[in-house]
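Chains as they are written, first to last, in our numbering: chain A, 58 to 553; chain B, 58 to 553.
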């Protein structure tokens, strides 16, 4: 198995939500089978100011005095100087405007919490590039892309806001984030409890490290999503890999596959692993965005997209060629729901965008998340987690080697019960929930489970089709946030 | 006022306990007025193993894979694999063997707590040099000398011990330290509560930053110590500065001063500020080590050395020359209690030793502690805290500029109430208590005050002359540590 292919596949899994931010638009054309009208609700135009804050490139050393401009957004329409609060989105691996537009929950609760909304961009993403266009040049320039530096950015930014915005100084700040951003929110509360009174960590797989959870749990959940979304659906996918293997043995078979899958470029024999990785990544992404309404998070998609996909995958016991034709229909739901794509491009993976480039580096340094499959508990080809191979791939790509136990050392792994005021929310459909906190740890480290939720559904804007479980989750989340705010003002009152 | 002189003076203040570790022995000779026999108790030979652990030079970046050997000491005579504990000394700015020998408290309680003792050397001190002899070469080599890196070293070392020492894995670890080491202990518990169940932070001035306490509090306490130790003592010192100024106006006066103070080198006019700084530093050091029994911490000294010093300073209303002769007698108590010194060397300040070199860098980067005097509330010449001047001095000495608010940003300043299980002990005689936590913050963040204690007296070995207040303090400290240990085993029991 090609090492590069392995790396690509892992990076896809490793990127909670990363795949998307800067994915180049698919070439538009016609010829496909789905409705051409976009049914996803367009992002509501948000009213915010775009601002920049001068950050130190290195918070943890003094040899360089270099600074860069961190971008952040502020929306204060509902903010009250009297008794208000500050909701601080701890930006993750992508353009902050995209996250801002996809975190409708914060906008929905702003009035109730009298809240100023702040969205802080994560260094090395979007416009917040410590060394401009050279930021990704080499491991020397990438040296300051770590979660610790990002948290320090957030701390400095909040101090700056409190210093400079009249009325903000004596208000409680709550961290919010989803996916890697949710991990950052939780860690921010753990490491800087003097700066944020609490954190809402949505779909934050803080335990997807070392052996804290079984390495197979992620793909098992993906598989369950497909199994439950249509008869024989996961079984069809499980059988598809061998069908691809058999068909791709000959040049003629590969040509047939190229045509059947409407690929933009002809398949060579060395592309087959990459093809399978790309397909697997598609199923993973679908599991992440299996939302109850039409949406446009990773791609324009119908409501419950896995159900739609599974309509094409009801019969596993057919010929290889028929099975692969069905697989194409299924892929097409994801890549061409708008009906505009002329062909499917297996090179258009996440790694061509800045966002996923950065995450690939982070996965090769701190964010070492072991994944594996066995083909029995999941619908994928068996693959062991191979740290040595992973490390070698990282070294050849970035010139760095991962430190797989560092995140546990620095953030505590499962031993976090001494912290307080963190809500961990997880959707049961979301494969990342496998590495998340899904049971209460203490009275103030609480888990909220959204039975019908995919990847941080709760952070999305309210929708008429929202299932009850997410409505309840949001209600609980607001209740916790209100309590943190009340406690903050209670303490402040005592001191006065 | 010379900027270098200012820097020297400040660095002395800035170094809690730093001055001492590597101070070159004074040249021995005779001619002075005090007993020649050493009355200080010789350090008891401790039985420990010296070990080394391979640490990453940079925990917070991945560009360098360099490592260095961190030295640590282990003593396990009283350690019990069954129900035992680990007392972990968070090494501060100096040779770890010296700290080990001056932290008798840990040895005294080892049996009662069935404890393994670990003393971890702080990077860039003693033998734990990240770049060997080049470690202090320039700001590039010094870049990894920060408290955060030191805490990460401690975390990695403890994980290593738990991995490799059979029986240690499931035992509670308690951090202990004094002075800067006490700050590290407290911060270690705040940042790594999953690794240590609690911390004893002795004489830890965690609030001697920014404007968390008045900049004059330190010298005010020094002054109080002298005022209370003899009639007109502080007044005599207060008057001495002008006497020096008047006498040093002429060459003849400076020659007289050189002789009267038994200085090793003749005073030039540009030395006068330095002379006064050196004298002031002596009073500061005496305040730190004003112990109730003869000791040899900074220098061999009698019991209650300030009282001895003040015997020479009972009459402020005398001529300049008589006053300065008395000042000499007082200085001589500190520098020549053994009676072996031929002359006093005002160049032998802390900055010639590695320990204080390192602290000087730390004071110029993270550990920015504002100090000032006004000559009214204290017995010193008035001096404002001048950050600009301080920063310029740092830049010319080290090529770095301090970040005065960073420590507050990263460790929380006064807003630390969400943490737990830290005992802050302070001696009322200790000038560093002015920047310490001297009132309970919560039920588990408690302050212990030792009315008759100087700098971390409680960490010193038990002594027949120990005042009641330190006996009580140690009793309380052991009680807290036992509770942390009990709670740890209680939680572990529940999980099984």
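Just so you know, even glycine gets a beta-carbon here, dropped at the ideal spot from N, CA and C. Fair warning: this is a prediction, and the values are worked out from it, not measured in the lab.
Assigned secondary structure, residue i (DSSP; H/G/I helix, E/B strand, else coil)
i, result
"residue 128 of chain A", "strand"
"residue 200 of chain B", "helix"
"residue 232 of chain B", "strand"
"residue 255 of chain B", "strand"
"residue 105 of chain A", "coil"
"residue 363 of chain A", "helix"
"residue 371 of chain A", "coil"
"residue 77 of chain B", "Summary for residue 77 of chain B: the model assigns pLDDT 31, below 50, so the residue's position carries little reliability, and this model does not support an answer."
"residue 162 of chain A", "helix"
"residue 89 of chain B", "Unreliable positioning characterises residue 89 of chain B in this predicted model, as indicated by a pLDDT of 26, which lies under 50. The coordinate reading is nonetheless provided below. In this structure, residue 89 of chain B counts as coil in the three-state DSSP scheme."
Nearest-angstrom Cα separation, counted from residue j out to residue i
i, j, result
"residue 96 of chain B", "residue 505 of chain B", "In this prediction, residue 96 of chain B scores a pLDDT of 34, lower than 50, which makes its location untrustworthy; the coordinate-derived value is nonetheless stated afterwards. In a straight line, the C-alpha of residue 96 of chain B is about 30 Å away from that of residue 505 of chain B."
"residue 284 of chain B", "residue 466 of chain A", "49 Å"
"residue 401 of chain A", "residue 384 of chain A", "13 Å"
"residue 333 of chain A", "residue 453 of chain B", "60 Å"
"residue 228 of chain A", "residue 142 of chain A", "5 Å"
"residue 502 of chain B", "residue 248 of chain A", "17 Å"
"residue 538 of chain B", "residue 254 of chain B", "9 Å"
"residue 83 of chain A", "residue 423 of chain A", "Residue placement at residue 83 of chain A is flagged as unreliable, the pLDDT there being 25, under the threshold of 50; a coordinate-derived value is accordingly withheld."
"residue 222 of chain B", "residue 427 of chain A", "27 Å"
"residue 277 of chain B", "residue 435 of chain B", "5 Å"
"residue 354 of chain A", "residue 194 of chain A", "29 Å"
"residue 268 of chain A", "residue 140 of chain A", "44 Å"
"residue 309 of chain B", "residue 315 of chain B", "10 Å"
"residue 509 of chain A", "residue 440 of chain A", "29 Å"
"residue 551 of chain A", "residue 218 of chain A", "24 Å"
"residue 135 of chain B", "residue 171 of chain B", "5 Å"
"residue 403 of chain B", "residue 516 of chain B", "30 Å"
"residue 321 of chain A", "residue 360 of chain A", "27 Å"
"residue 274 of chain B", "residue 492 of chain B", "8 Å"
"residue 472 of chain B", "residue 251 of chain A", "5 Å"
"residue 390 of chain A", "residue 366 of chain A", "6 Å"
"residue 138 of chain A", "residue 224 of chain A", "5 Å"
"residue 129 of chain B", "residue 524 of chain A", "57 Å"
Chain-ordered neighbours of residue i on chain B, where CB pairs are closer than 7 Å
i, result
"residue 142 of chain A", "Those within 7 Å of residue 142 of chain A in chain B number zero; the least Cβ separation is about 17 Å."
Under 9 Å from the C-beta of residue i: neighbouring residues of chain A
i, result
"residue 512 of chain B", "Those within 9 Å of residue 512 of chain B in chain A number zero; the least Cβ separation is about 27 Å."
"residue 212 of chain B", "466, 467"
Rounded Cβ spacing between residue i and residue j (contact assumed at less than 8 Å)
i, j, result
"residue 127 of chain A", "residue 177 of chain A", "7 Å"
"residue 163 of chain A", "residue 146 of chain A", "6 Å"
"residue 344 of chain A", "residue 511 of chain A", "7 Å"
"residue 263 of chain B", "residue 243 of chain B", "6 Å"
"residue 554 of chain B", "residue 236 of chain B", "Residue 554 of chain B lies beyond the residue range present for chain B, which begins at 58 and ends at 553; the question has no answer from this structure."
"residue 153 of chain A", "residue 183 of chain A", "5 Å"
Where residue i meets chain A, residues with beta-carbon distance less than 7 Å
i, result
"residue 250 of chain B", "475"
"residue 205 of chain B", "117"
Boundaries (first-last residue) of the alpha helix (DSSP H) holding residue i
i, result
"residue 527 of chain A", "525-552"
"residue 332 of chain B", "329-345"
"residue 380 of chain A", "377-392"
"residue 518 of chain A", "Run containing residue 518 of chain A: none; DSSP gives neither H nor E here."
"residue 315 of chain A", "308-317"
"residue 237 of chain B", "237-248"
"residue 505 of chain B", "Element bounds for residue 505 of chain B: not the alpha helix (DSSP H) but the beta strand (DSSP E), 502-507."
"residue 468 of chain B", "463-468"
"residue 403 of chain B", "Note, residue 403 of chain B: premise wrong, no alpha helix (DSSP H); not H, not E."
Under 8 Å from the C-beta of residue i: neighbouring residues of chain A
i, result
"residue 196 of chain B", "119, 120"
"residue 201 of chain B", "118"
"residue 216 of chain B", "462, 466"
For residue i, the first and last residue of its enclosing beta strand (DSSP E)
i, result
"residue 276 of chain A", "Unbroken run through residue 276 of chain A is the alpha helix (DSSP H), 274-285; no beta strand (DSSP E)."
"residue 172 of chain A", "172-177"
"residue 482 of chain A", "479-484"
"residue 144 of chain A", "142-147"
9 Å Cβ cut-off: residues of chain B touching residue i
i, result
"residue 472 of chain A", "250, 251, 252"
"residue 150 of chain A", "Chain B residues near residue 150 of chain A: none, gap ~17 Å exceeds 9 Å."
Residue i: contacting residues in chain E (beta-carbon distance under 7 Å)
i, result
"residue 458 of chain A", "Absence of chain E from the displayed structure is noted, the protein chains being A and B."
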